[in-house]
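These notes concern the structure reproduced below.
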Amino acid sequence: MVHTFSLNGYNFAVDGNSGAIHMLDNIGYDILKGKDEFPSYEEVADGLKYKYSIDEIKETYNELKELENEGLLFASLKELENSASHFVAKDSVKALCLHVSHDCNLRCEYCFASKGDYNTGRKLMSKEVAFKAVDYLVKNSTGRRNIEIDFFGGEPLLNFDVVKAVVNYGHSLEDKFNKKFYFAITTNGTLLDDEKIKFLNKNMDNVVISIDGRKEIHDEIRHYASGNGSYDKIVPLAKKLVEERNGKSYFIRGTFTKKNKDFSKDVFHLADLGFREISIEPVVGTGDEIYFDETDLPEILDEYENLAKLYVERLKSGKSFRFYHFNLDLYNGPCLLKRITACGAGYEYLAVSPEGDIYPCHQFVGQEEFIIGNINDGITNVELKDKFKNNNIFAKEECKNCWAKLFCSGGCHANAYFTNKDISKPNEIACILQKKRIECAIMVQAALNNVQL
Numbered sequence: 023m024v025h026t027f028s029l030n031g032y033n034f035a036v037d038g039n040s041g042a043i044h045m046l047d048n049i050g051y052d053i054l055k056g057k058d059e060f061p062s063y064e065e066v067a068d069g070l071k072y073k074y075s076i077d078e079i080k081e082t083y084n085e086l087k088e089l090e091n092e093g094l095l096f097a098s099l100k101e102l103e104n105s106a107s108h109f110v111a112k113d114s115v116k117a118l119c120l121h122v123s124h125d126c127n128l129r130c131e132y133c134f135a136s137k138g139d140y141n142t143g144r145k146l147m148s149k150e151v152a153f154k155a156v157d158y159l160v161k162n163s164t165g166r167r168n169i170e171i172d173f174f175g176g177e178p179l180l181n182f183d184v185v186k187a188v189v190n191y192g193h194s195l196e197d198k199f200n201k202k203f204y205f206a207i208t209t210n211g212t213l214l215d216d217e218k219i220k221f222l223n224k225n226m227d228n229v230v231i232s233i234d235g236r237k238e239i240h241d242e243i244r245h246y247a248s249g250n251g252s253y254d255k256i257v258p259l260a261k262k263l264v265e266e267r268n269g270k271s272y273f274i275r276g277t278f279t280k281k282n283k284d285f286s287k288d289v290f291h292l293a294d295l296g297f298r299e300i301s302i303e304p305v306v307g308t309g310d311e312i313y314f315d316e317t318d319l320p321e322i323l324d325e326y327e328n329l330a331k332l333y334v335e336r337l338k339s340g341k342s343f344r345f346y347h348f349n350l351d352l353y354n355g356p357c358l359l360k361r362i363t364a365c366g367a368g369y370e371y372l373a374v375s376p377e378g379d380i381y382p383c384h385q386f387v388g389q390e391e392f393i394i395g396n397i398n399d400g401i402t403n404v405e406l407k408d409k410f411k412n413n414n415i416f417a418k419e420e421c422k423n424c425w426a427k428l429f430c431s432g433g434c435h436a437n438a439y440f441t442n443k444d445i446s447k448p449n450e451i452a453c454i455l456q457k458k459r460i461e462c463a464i465m466v467q468a469a470l471n472n473v474q475l
């Protein structure tokens with residue numbers, strides 16, 4: 023299938039089964055717009071002869087026909103499935119999300135972790151469990167040299183001693199097992215101090231700090247148990263950390279809710295604070311006044327387009343920063359295997375709770391039915407592991423016939439489950455937002471590169 027759209031004065035066609043993107047002139051756009059299959063010349067000429075000359079129609083039609091012959095327009099799903107059949111996902115672990123803390127000093131309103139404890143009680147991971155998790159990763163990462171541990175919570179800096187111990191322990195195993203450890207951490211930033219900043223900047227290959235944008239927006243959602251906001255505490259500490267790591271390998275990650283559907287203001291607020299690596303994500307969930315429903319979609323979609331246009335203007339003016347969702351690498355993007363299988367949750371990427379239970383990813387922690395093993399016995403629920411492993415874009419009916427599947431890779435398993443109680447049935451609202459982000463990202467690339475895609 024081919025998806026056509028216009029945005030900010032540019033016309034595009036995206037071929038859903040090849041992943042090819044084409045920037046079109048007006049006549050090319052008119053030829054392809056709304057077509058389920060490549061049209062006949064007679065159909066095109068008859069429909070457009072009052073708008074364009076026959077020579078223009080014939081020349082453009084032949085150019086598009088050549089793209090079809092090359093498999094870059096109206097490519098078949100069967101061809102994609104045949105290409106994908108040659109790839110087999112590795113049945114070895116590449117990354118662990120280590121839940122070193124099921125506790126938090128904040129009480130954020132939208133927290134999927136139930137204010138930090140995942141409904142399992144407030145606790146910290148022991149060094150013994152943490153080291154066993156590291157051993158598990160080393161043992162079960164067969165065929166991989168590069169492996170990763172992501173420190174997560176709750177707030178992982180509440181268990182800073184274990185974080186430090188794991189880093190040192192991991193590095194101590196590298197030569198013996200021919201492994202290279204990469205470490206990352208996601209933190210609310212409130213517990214940072216000189217010691218922690220120095221350690222993180224020396225040892226963490228990536229640091230994610232949560233800031234939602236403008237002070238009034240952030241403080242209403244991301245507050246302490248007392249109700250006091252955390253913005254004034256976090257921002258100077260985050261700035262210090264970023265400055266001392268030379269502005270590299272970090273993300274400021276925020277969440278927008280029903281309360282700030284004008285979230286482009288929050289993106290630019292973070293950029294104006296000096297941050298250059300920014301992500302603002304839509305809140306996930308249902309049921310109360312901060313969550314979205316279908317009635318919010320028109321406003322949010324318009325805001326993404328507004329953000330994309332302003333983002334282009336900002337970058338062209340020399341005030342550069344990177345907005346995560348608009349970073350579409352058209353030339354060095356993910357391989358076909360990753361486009362089909364996405365994050366690898368449940369078999370390549372796993373989460374470990376403070377008790378040592380293994381889950382498919384951090385968002386399933388605390389859901390007993392999603393325990394797939396433990397660090398002592400390994401994977402014991404092989405059926406569940408295989409369910410995640412096989413849950414690729416071809417296993418999802420909504421994805422097989424979607425133009426965006428090779429860009430979103432089928433979406434988030436957890437988002438699907440918590441919306442529809444089925445990891446193979448994507449969240450419809452999330453899909454709509456993702457498609458708009460992809461459209462915006464394509465336009466941004468065209469506007470900034472000013473070249474044929």
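Quick note: the sequence shown uses the working numbering, first residue 23, plus one each step. Here a beta-carbon is modelled for each residue, glycine too, at the ideal position from N, C-alpha and C.
query                                                                                                                                                                                 : result
Whole angstroms are fine: how far does the CA of S28 sit from the CA of S148?                                                                                                         : 54 Å
Near S232, what residues of its chain come up, given a Cβ to Cβ distance below 6 Å and the 5 sequence neighbours on each side ignored?                                                : N210 and R275
Determine the DSSP secondary structure at M465, reduced to helix, strand or coil.                                                                                                     : helix
Quick one: complete alpha helix (DSSP H) runs, 4+ long, within the stretch 180–241?                                                                                                   : 182–199 and 216–225
Is it buried or exposed, Y72, if we count other Cβ atoms within 10 angstroms and call 16 or more buried?                                                                              : exposed
Which residues does DSSP list as the beta-bridge partners of A117?                                                                                                                    : E170 and Y371
Determine the DSSP secondary structure at N33, reduced to helix, strand or coil.                                                                                                      : strand
Looking at the structure shown, is L146 part of a helix, part of a strand, or coil, going by DSSP?                                                                                    : strand
On the three-pair Cβ rule with 8 Å, is the stretch 454–464 touching the stretch 407–423?                                                                                              : no
Considering only the alpha carbon of each residue, which of F440, A426 and D241 lies closest to D254?                                                                                 : D241
Which one of N223, G69, D172 and N181 has the shortest CA to CA distance from G192?                                                                                                   : D172
Name the DSSP bridge partner or partners of N396?                                                                                                                                     : D379 and G400
Note down the Cα distance separating A438 from S40, rounded to an integer number of angstroms.                                                                                        : 25 Å
Let's test the definition: count the other Cβ atoms within 10 Å of the Cβ of K202 and tell me whether it reaches 16, buried, or not, exposed.                                         : exposed
Would you please state the rounded distance, in angstroms, between the beta carbons of N225 and F205? I believe it to be under 8 Å.                                                   : 6 Å
Taking the runs of the alpha helix (DSSP H) that are 4 residues or longer, which of them lie wholly in the stretch 27–82?                                                             : 48–54 and 63–70
Could you tell me the boundaries of the alpha helix (DSSP H) in which I476 lies?                                                                                                      : Shown here, the chain extends from 23 to 475; a query on residue 476 therefore has no answer.
Expressed to the nearest angstrom, what Euclidean distance is found between the alpha-carbon atoms of E238 and S252?                                                                  : 10 Å
Does DSSP put V122 in a helix, in a strand, or in coil?                                                                                                                               : coil
Give every residue of the same chain whose Cβ lies closer than 7 Å to the Cβ of N181, excluding the five residues on either side of it in the sequence, and list them in chain order. : V122, S123, L146 and M147
What separation, rounded to the nearest whole angstrom, lies between the Cα atoms of F297 and F343?                                                                                   : 7 Å
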